[in-house]
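So the sequence shown is numbered by this note's numbering: it starts at 1044 and just counts up by one. Some notes on the structure that comes next.
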Amino acid sequence: GSGQEMAAISPAVVISMERLAGSFVSSMVLRHSWMKGVAFALLGSLFSTVGYCLQNLSQKSNLRLPIHQQQPAHHQPLNILGILFVLTESLLEAVAFAFANESLLASVGLSSLAFNIVLSSAINMEKATYKDWVVAILIITGVVIAIISGEHTFALLTLHDIDKLLHTPSFHTFIIVSVLWTFALVYSTLSFDASSTSFAHVQYLSRSRRQELHRFSICALAGTLAGLTVVSAKGVVSLVAVTINSNNQFAYVGAWTFVIITILLGVSNLVVMNHALLLYENLYVVPVRAVFDVTMATLGGVFFYKESRSLSARRVIWFVCGLSISAVGLGIIVLSSRRVGSRSSSLSFR
């Protein structure tokens, strides 16, 4: 009777429901994995901000000591602790790359500016002004818009995928512009160095004006190197994830080339950022560095990894609007009248 029919139907119904539920859960996990990436990126931003504050505190405390008691950066415990925090941020960012696109995570990095205002006041005793808070609100607003409208779909890349991307005109344009921009910043950082006499064409500028230009150049250079590190690290993380899941990508020289480039860029970023924190205050250094970091990483995601291909025109416009709002915040910082420190800016990196 009906009991036997129900007994016959029930297993099929149960199996169908299990498959449907499994498909739904799998879809939800894939669809919302970007949220995990955002969470790891936010945590990484907090760690890096704490690290920069500790480095800044260490360098400033060291300068207040008598000259014979001053220690080089690599002998200062607080500075080393700060570097460890920054390295932890790099690990968290690497994990985030396994869940979300680079351009999306780059915009999340701007959240460090809000953390910076609070922590610079608490740790470094730097006074945050009304303008600093307005800038933070502008940048956070831009970040939220960029996150909501950015690309949320995500796929891991093999070495073959990356090799194909390396041969596209958009990548060639990106790498040429990036190299020229980086060399321009290196040149301007060295030429505007207040202690340098090797660049006669800038000697007519006042010392204070040269310091202002040097402050901007070195912070922009740190951000540019950080952004390029992110672009390279994205490829390394993808290769590691593919290797763990299925196919060893590190049997090829190309994969190790990516690793070496990432390490060189990362070390260069740490050295330049450490020196910027020695010379200038956190409330200027971190925001300028963060915006250039995000800009380079976003351009890398769009022009190298093609992360915007599936975005609708409306979402692209909103994403650009979000980054533009954050750029307005940067403009306010750069054009502000925050006093530049009077210490020598010699780029010796001792």
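We put the CB at the ideal spot given by N, CA and C, even for glycine.
- In the same chain as Ser1213, and ignoring 5 residues on each side of it, the C-beta atoms closer than 6 angstroms to its own belong to Phe1346, in chain order.
- For the 9 angstroms CB-CB criterion, Ser1251 and Ala1189 do not form a contact.
- Distance between Gln1292 and Leu1282, taken at the CA atoms: about 6 angstroms.
- In the three-state reduction of the DSSP assignment, Arg1107 falls in the coil class, being assigned neither a helical nor a strand state.
- Excluding five sequence positions before and after Asp1175, the CB atoms of its chain that fall closer than 7 angstroms to its own CB belong to Ile1160, Leu1326, given in chain order.
- A distance of 9 angstroms or more separates the beta carbons of Leu1208 and Ala1340.
- In this structure the stretch 1134 to 1143 lies against the stretch 1082 to 1097, because at least three pairs of beta carbons, one per stretch, are closer than 8 angstroms.
- One thing to note: Ile1368 has its Cβ within 9 angstroms of the Cβ of Leu1181.
- For Val1245, the CB contacts under 7 angstroms within the same chain, skipping 5 residues up- and downstream, are Ser1234, Phe1235, Arg1253 in chain order.
- For Ala1198, the secondary structure class from DSSP, reduced to helix, strand or coil, is coil.
- By the 16-neighbour rule on beta-carbons within 10 angstroms, Arg1357 is exposed.
- When rounded, the separation of the alpha-carbon atoms in Leu1268 and Ser1311 is 7 angstroms.
- Put simply, the backbone Cα of Leu1127 is about 7 angstroms away from that of Gly1094.
- About 5 angstroms separates the beta carbons of Ile1261 and Ala1319, which is inside the 8 angstroms limit, making them a contact pair.
- Distance from Glu1132 to Ser1091 at the Cβ level is roughly 4 angstroms; contact confirmed, criterion being Cβ atoms closer than 8 angstroms.
- Restricting attention to Tyr1348, Cys1364, Pro1330, the CA atom closest to the CA of Ile1375 is found in Pro1330.
- In the displayed model, Met1339 falls within a helix according to three-state DSSP.
- Assignment of Ala1141 by DSSP, reduced to helix, strand and coil, places it in the coil class.
- Between Ser1221 and Leu1342, the CB-CB gap stays under 9 angstroms.
- Here Gln1113 carries a coil assignment [DSSP, helix/strand/coil].
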